[in-house]
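Participant: Have a look at this one.
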Amino acid sequence: MITPSFLEDHISQIPALQLLVKLGYTYLSPEEAMAQRQGKAGNVLLENILEDRLKAINRIQHKGQSYHFSPANIYQAIRGLREMPLVEGVLNTNKEVYELLTLGRSFEETIMGDTRSFPLRFIDWSNPANNHFHVTEEFPVERKGSTKTRRPDVVLFVNGIPLVVIECKRPDLHSTEYGTPVQQAISQHLRNQKPEEVPQLYIHAQLLLSLAQNDARYATVGTPPPFWSQWKEGFDSAQPDDTAALHALKNTPLATEKKNALFADRFRYVRAFFDQQEQAVMQVHEQDQLLYRLCRPERLLEFVQRYVLFDAGEKKVARYQQYFAVKGTLERVKHLQEGRRTGGVIWHTQGSGKSLTMVLLAKAIAMEPSIRNARIVLVTDRIDLDDQLYGTFKSCEAEAVQARSGTHLAELLHEPKARIITTLMQKFEAVSKRGQVVDESPDIFVLVDESHRSQYGAGNARMLKVLPNACFLGFTGTPLLGKEKNTARKFGGIIRPAYTIAQAVEDGAVVPLLYEGRHVVQEVDDKTIDTFFDLVSEPLNKYQRADLKKKFSRADQLNAAEQKIWRTAFDVSRHWKENWRGSGFKAQLTAPSKVAALKYKAYLDEIGMVSSEVVMSPPDTREGHDSAYEETNDKVQQFWKGMMAQYGNEANYQKNIIQRFKSEGDPELLIVVDKLLTGFDAPRNTVLYLCRSLTAHTLLQAIARVNRLFEGKDFGYIIDYYGVLGELDQALTAYSELSGFDEEDLAGTITHVKEEVEKLAERHAQLWDLFKTLPNKQDPEAFQQHLSPQDVRDQFYDRLSLFVRTLKMALSTLDFLKTTPEEKVERYRRDAAFFLRLRVSVKMRYSDAIDYRQYEAQVQKLIDTHIKSNEVLQLTEQVNIFDKQAFAEEVEKVEGAGSRADMIASRTKKTISERMEEDPVLFKKFSKLLEETIEAYRDKRISDLDYLKQATRIMDQVRTGSEGDEPANVKDKEVARAFYRIVQETVKALDMELDGARAGAIAIRLDELVNAHRIVDWTRKSDVQNRMRQAMEDYLYELREDGLELGFDAIDEILDGVMRVATHRYA
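Residue 351 in the numbering used here sits at position 352 of the sequence shown, and the numbers go up by one each step.
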């Protein structure tokens, strides 16, 4: 029986290759793939295969005869793809390549004296079998400006073009610094796309995969880490389950010849392992599912051609719910029934990419060959979405036309050449009110955005009069009310699968929403106010409390209605300042009227704790005027006049403030009335202060403003001052505001914050559980030594971050402060202070780079607000050991010889790793010596003081880059010293003797030859490197005449080492 393995090859890479071969890919060894690239690591195309397929899939049809493209044009097609310039960056170049692959390229050919342009395809999208699919592993790609390479684990080729790049990781490879295995794989993808890395590979790649056996994600070029997605199938009863087919395929043995090819070279040593594994039933893992569902040839071609978009400077690929919604809708509308196509409503919860689904469906309909004369009308109420729809249809050879007015829309509907029309709802309504039939074709598709839900009622009826046989497809981000479902059934009902709020939260497509009712602050009872004030001002000293009490009493001078606004504004200000200010997040406040919005703005400015702006629609110009001859004194009119004077018009006013709100600076809070409760995405928007009554869809749309993903954002927060959902202690449909919905449709919409706060005690216990074996819990040194193993530190950092973030959340809620005994709250604070101080000490001691940047703002907020500044040392950037004074000062902060030695050793170890390529022989020796010293201390074979002395001595040697035993002729020549050690190590391996001074002279001459051939950007020019290498090779060969008999292998070894060092030293 074999022992299971966690090696990357065994558990992720080879299983991926096996499954891909079973899916129809032909395996190429790294050597075979390199041969297809003419031996050039800078070229990523398998050119022989590409040339063969271009000839095979392309024919010129001319006057009833079929002709081949000329060899010159085939060559030009390959050259154009190979030499695609990277001037405008990876993403823009990738877009050019995508258009080339999906649209092809035209070339002039002269046939029988007739010269014309004919289209040449790189891929036959319609007939997958006409293409050739290959897979290789450890694919070396030369970095820009370097001879070094990056080696993606697996690359998939279609007709010799690298369409898919895959990174594989062991599932147990968790790291606090670099994250989970899949996060590490994603990080590699993002690094390799940089201009100085291997962008020439990623300009061709359309799909990127990160695999770690039981976790697997996909994305495309430029996708930030939070947006890498999982793929699911069979998640809805309407979806076929492919699990059985995948299980059967995985357990089908590879054909002998395919197995021989895969295990011929690098993997020969593990063939027995996998042969034995085949004898048992193998389980299907996440990575198998992702490979099967996205990379089987026919699915891959369909996905790349139809489900990729470039939008506003970003490249996007469909998530699984978008793919199946589009595919399911397309199947539904293909067939005519009684002269019409069946429409319906697509329900994808807000924040999950509903607008992208709309565009993808329009693209799919436009590309569908069975609907030859399709015309598409996209109707939305958002100017920005209407604008966004432009430019997305180039890959399907169709241009969108934007309707300028209702009249222009009517003209476009009459014009058959206008295949894709985008318009605003009000323009469509202007046409429909005329009541005349514009077009009776069943090949018109009207895609209507949700915000005007008239597609379920009278509005839809009016549209039907204009386009009586059109197919209507509605898009909604919120569930349908019961009465809406009944109406929607007449037009096809909900198109399955729906994508609910609960699914989106589970997938990580949106963040969960937490609710806190704070309407208690609206009560004017003095006792209630005093209790509330004591709670919110608890962290302050008596002088600060007195100052705030004075400010708070300002409300007593106002009438009841204004008191309510002032007290709410005060609590919003305190809540923001204590919990969110400086975090990079933003907030929104919903006001009941324009007048109230301006009062909130005035009071927030007066209190001075949060910067804010107001966005509203224009006021009714008939209001606020006493006389036609007098200047208005109405506050709303005055505000609007001021905004128009500042920004020029309504569009500029809204655009400017929204853009600033989306960005990092002010305003921190946006005050809205009805305008912008929906209609724009701001991922930083994290807190919604609910200060008005909202019902049904408006309520759901408003709270979804804060569910978008953003770095460091765990939740979106709904702070309810109006009592819309009371204490949220009943089913959502029990509230009159949401009574028209089905309970199952609202599952997962919102959770009371106390459910998350209740996890605090458990997370506190889990943190302490790491130290349960410590006999002396009063000794900080014991805690630090207990955390010496990396895996224990990883757990500590994870659990502490979770505990601190939960504590911060708890301390922001009135319910927690009211119901939790003061001594318990103080224990949490005290423990947080201790463990945060321990975190800083341990980080310094072991030189850890903790990758919690996204959460540091939250941690710092807790320290600033709830913990005394002298209780916690601040995390700072690590000082380089070469900055002697600063590093010595940092070491002085650490108590104890053992702790100081650990800090010096870990920082020196990190420096060695960073500088390894500058002098590999020396730094490998230092690395080994340092490891032996650390091991001796851990085994208690040397004392704390000896450990400190030895670690300091090694650090000093690393600083000088010398052991002190180099010959005099290279002592002051840093690069020559590195060459000297390369020469000596090579000669020593041959059991030969070489005098130190002579070895030094050889090193100096090699350095002179390198410098003699160096020019600007020499590391980017292979011809310069070749001349440099040849000159050194001639010199080393001539040393034979002086008695130094170096073989060709030894000469190559020296040259490889010298070139590697020179590339780093002289770049």
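Glycine residues also receive a C-beta, built at the ideal position from the N, C-alpha and C atoms.
This structure is a prediction, so every number in the text was calculated from the model and none was measured.
1) Taking residue 582 as the reference, which of 665, 1012, 978, 1007 has the closest Cα?
2) Select from 719, 803, 59 the residue whose C-alpha is nearest the C-alpha of residue 1068.
3) When you compare the CB positions of residue 200 and residue 164, do they come within less than 8 Å of one another, or not?
4) If distances are taken between C-alpha atoms only, which option among 806, 190, 169, 810 comes closest to residue 181?
5) So, for residue 509: in the same chain, excluding its five sequence neighbours on each side, which residues have a beta-carbon less than 6 Å away from its beta-carbon?
6) Output the distance between the C-alpha atoms of residue 15 and residue 287, rounded to the nearest integer angstrom.
7) Identify every run of the beta strand (DSSP E) within the segment 681 to 727, keeping only runs that are complete inside it and at least 3 residues long; order them along the chain.
8) Relative to the alpha-carbon of residue 135, which residue among 29, 922, 314, 105 has its alpha-carbon at the smallest distance?
9) Over the uninterrupted alpha helix (DSSP H) stretch that includes residue 66, give me the two end residues.
10) Helix, strand or coil for residue 141 per DSSP?
11) In terms of residues, what are the limits of the beta strand (DSSP E) holding residue 410?
12) Specify the secondary structure class of residue 161 as computed by DSSP and reduced to three states.
13) How many angstroms separate the CA atom of residue 301 from the CA atom of residue 108?
14) Rounded to the nearest angstrom, what separates residue 824 and residue 685 at their Cα positions?
15) Counting only the same chain and skipping the five closest in sequence on each side, list residues whose C-beta sits under 7 Å from that of residue 45.
16) Of the choices 71, 689, 332, whose alpha-carbon is the least far from that of residue 442?
17) Please determine, among 339, 571, 347, 956, the residue with the shortest C-alpha to C-alpha distance to residue 439.
18) Can you find the residues in the same chain that come closer than 8 Å, C-beta to C-beta, to residue 96, ignoring five residues on each side of it along the sequence?
19) For a minimum of 4 consecutive residues, which ranges assigned as the alpha helix (DSSP H) are wholly contained in the segment 191 to 276?
20) Thinking C-beta only, is residue 670 closer than 8 Å to residue 799?
21) Just mark residue 325 as buried or exposed, buried being the case when its beta carbon has 16 or more other beta carbons within 10 Å.
22) Check each candidate in 430, 402, 432, 344 and name the one with the smallest Cα separation from residue 421.
23) What residue range does the alpha helix (DSSP H) around residue 1001 cover?
24) In whole angstroms, what separates the C-alpha of residue 193 from that of residue 94?
25) Using the Cβ count rule (16 or more neighbours within 10 Å means buried), how would you classify residue 648?
26) The beta strand (DSSP E) with residue 118 in it runs from where to where?
27) Run through the DSSP bridge pairs and tell me what residue 339 is partnered with.
28) Over the uninterrupted alpha helix (DSSP H) stretch that includes residue 656, give me the two end residues.
29) Please report how far the alpha carbon of residue 499 lies from the alpha carbon of residue 643, in whole angstroms.
30) Bridge partners for residue 444 per DSSP, in chain order?
31) Can the beta-carbon of residue 791 be found closer than 8 Å to that of residue 769?
32) Between residue 808 and residue 755, which are expected to be in contact by the criterion C-beta below 8 Å, what is the C-beta distance as a whole number of angstroms?
33) So who's on the other strand from residue 819, going by DSSP bridges?
34) Using 8 Å for Cβ pairs, my map puts residue 207 next to residue 220. What's the rounded Cβ distance?
35) Less than 6 Å between C-beta atoms, sequence neighbours within five positions excluded: which residues of the same chain meet that for residue 41?
36) Please report the distance separating the alpha-carbon of residue 296 from that of residue 127.
Facilitator: Straight from the coordinates:
1) Stepping through the sequence shown from its first residue, residue 582 is reached at position 583. Among 665, 1012, 978, 1007, the Cα nearest to that of residue 582 belongs to 665.
2) Nothing in the structure corresponds to residue 1068, since the chain is present only between 0 and 1066.
3) By one-based count along the sequence shown, residue 200 stands at place 201. By one-based count along the sequence shown, residue 164 stands at place 165. Closer than 8 Å, so yes.
4) The residue you call residue 181 lines up with position 182 of the sequence shown. The candidate whose alpha carbon is nearest that of residue 181 is 169.
5) Walking along the sequence shown from the start, residue 509 turns up at place 510. In the same chain as residue 509, and ignoring 5 residues on each side of it, the C-beta atoms closer than 6 Å to its own belong to 350, 503, 706, in chain order.
6) Within the sequence shown, residue 15 is the residue found at index 16, counting from 1. Within the sequence shown, residue 287 is the residue found at index 288, counting from 1. Approximately 7 Å between the Cα atoms of the pair.
7) List check, beta strand (DSSP E) in window: 684 to 689, 715 to 719.
8) In the sequence shown, residue 135 corresponds to position 136, counting from 1. With distances taken between CA atoms, residue 135 lies nearest to 29 out of 29, 922, 314, 105.
9) Taking the sequence shown and counting its residues from 1, the one referred to as residue 66 is at position 67. For residue 66, no alpha helix (DSSP H) segment is defined; the enclosing uninterrupted segment is the beta strand (DSSP E) at 64 to 66.
10) Position 142 of the sequence shown, counting from 1, holds the residue named residue 141. DSSP places residue 141 within a strand segment (E or B) once states are collapsed to three.
11) Residue mapping note: residue 410 aligns to position 411 of the sequence shown, counting from 1. Boundaries around residue 410 are those of the alpha helix (DSSP H), 405 to 413, since no beta strand (DSSP E) includes it.
12) Residue mapping note: residue 161 aligns to position 162 of the sequence shown, counting from 1. It is a strand residue.
13) Translated into positions along the sequence shown, residue 301 becomes position 302. Translated into positions along the sequence shown, residue 108 becomes position 109. The straight-line gap from Cα to Cα measures roughly 30 Å.
14) Stepping through the sequence shown from its first residue, residue 824 is reached at position 825. Stepping through the sequence shown from its first residue, residue 685 is reached at position 686. The alpha-carbon atoms of residue 824 and residue 685 are separated by roughly 26 Å.
15) Numbered from 1 along the sequence shown, position 46 holds the residue referred to as residue 45. Once the five neighbours on either side are set aside, the close Cβ partners of residue 45 are 32, 35, 36, 133, 156, 159.
16) Reading the sequence shown from its first residue, position 443 is the one you call residue 442. The shortest Cα separation from residue 442 among 71, 689, 332 belongs to 332.
17) Numbered from its first residue, the sequence shown carries residue 439 at position 440. The shortest C-alpha separation from residue 439 is found at 339.
18) As a working note, residue 96 is residue 97 in the sequence shown. If we look at residue 96 and ignore the five residues flanking it on each side, its Cβ neighbours are 80, 83, 202, 203.
19) Here the runs fully enclosed are 198 to 201, 242 to 249, 255 to 261, 270 to 276.
20) Numbered from its first residue, the sequence shown carries residue 799 at position 800. Numbered from its first residue, the sequence shown carries residue 670 at position 671. No, Cβ-Cβ distance for residue 799 and residue 670 is not below 8 Å.
21) Here residue 325 refers to the residue found at position 326 of the sequence shown. Counting Cβ neighbours within 10 Å, residue 325 comes out buried, since at least 16 surround it.
22) Translated into the one-based positions of the sequence shown, residue 421 becomes position 422. Residue 421 has its Cα closest to that of 402, out of 430, 402, 432, 344.
23) Reading the sequence shown from its first residue, position 1002 is the one you call residue 1001. Per DSSP, the continuous alpha helix (DSSP H) segment holding residue 1001 begins and ends at 995 to 1012.
24) Here residue 193 corresponds to residue number 194 of the sequence shown, with the count starting at 1. Here residue 94 corresponds to residue number 95 of the sequence shown, with the count starting at 1. Whole-angstrom Cα-Cα distance: 16 Å.
25) Working through the sequence shown from its first residue, we reach residue 648 at position 649. By the Cβ neighbour-count rule, residue 648 is exposed, with fewer than 16 other Cβ atoms within 10 Å of its own.
26) Mapped onto the sequence shown, residue 118 falls at position 119. Start and end: 113 to 119.
27) Sequence index remark: in the sequence shown, residue 339 carries index 340 (1-based). Within the DSSP bridge table, the entry for residue 339 names 336 as partners.
28) Here residue 656 corresponds to residue number 657 of the sequence shown, with the count starting at 1. Per DSSP, residue 656 belongs to the alpha helix (DSSP H) from 649 to 661.
29) Within the sequence shown, numbered from 1, the residue matching residue 499 stands at position 500. Within the sequence shown, numbered from 1, the residue matching residue 643 stands at position 644. Their Cα atoms are separated by approximately 41 Å.
30) Taking the sequence shown and counting its residues from 1, the one referred to as residue 444 is at position 445. The partner list for residue 444 (beta bridge, DSSP) reads 375, 470.
31) Locating residue 791 in the sequence shown gives position 792, where the first residue counts as 1. Locating residue 769 in the sequence shown gives position 770, where the first residue counts as 1. Yes; because the gap between Cβ atoms is below 8 Å, this pair is in contact.
32) For the purposes of this step, residue 808 is taken as residue 809 along the sequence shown, with counting starting at 1. For the purposes of this step, residue 755 is taken as residue 756 along the sequence shown, with counting starting at 1. In this structure residue 808 touches residue 755 by the C-beta definition: roughly 6 Å separates them, less than 8 Å.
33) Here the question's residue 819 lines up with position 820 in the sequence shown. Residue 819 is bridged by DSSP to nothing; it lacks a bridge partner.
34) Within the sequence shown, the letter at position 208 stands for residue 207. Within the sequence shown, the letter at position 221 stands for residue 220. Right, their Cβ atoms sit about 7 Å apart.
35) Residue numbering aside, residue 41 sits at position 42 when the sequence shown is read from its first letter. Closer than 6 Å at Cβ, skipping near neighbours: 141.
36) Counting from 1 along the sequence shown, the entry for residue 296 is found at position 297. Counting from 1 along the sequence shown, the entry for residue 127 is found at position 128. Rounded to whole angstroms, residue 296 to residue 127 spans 7 Å at the Cα level.
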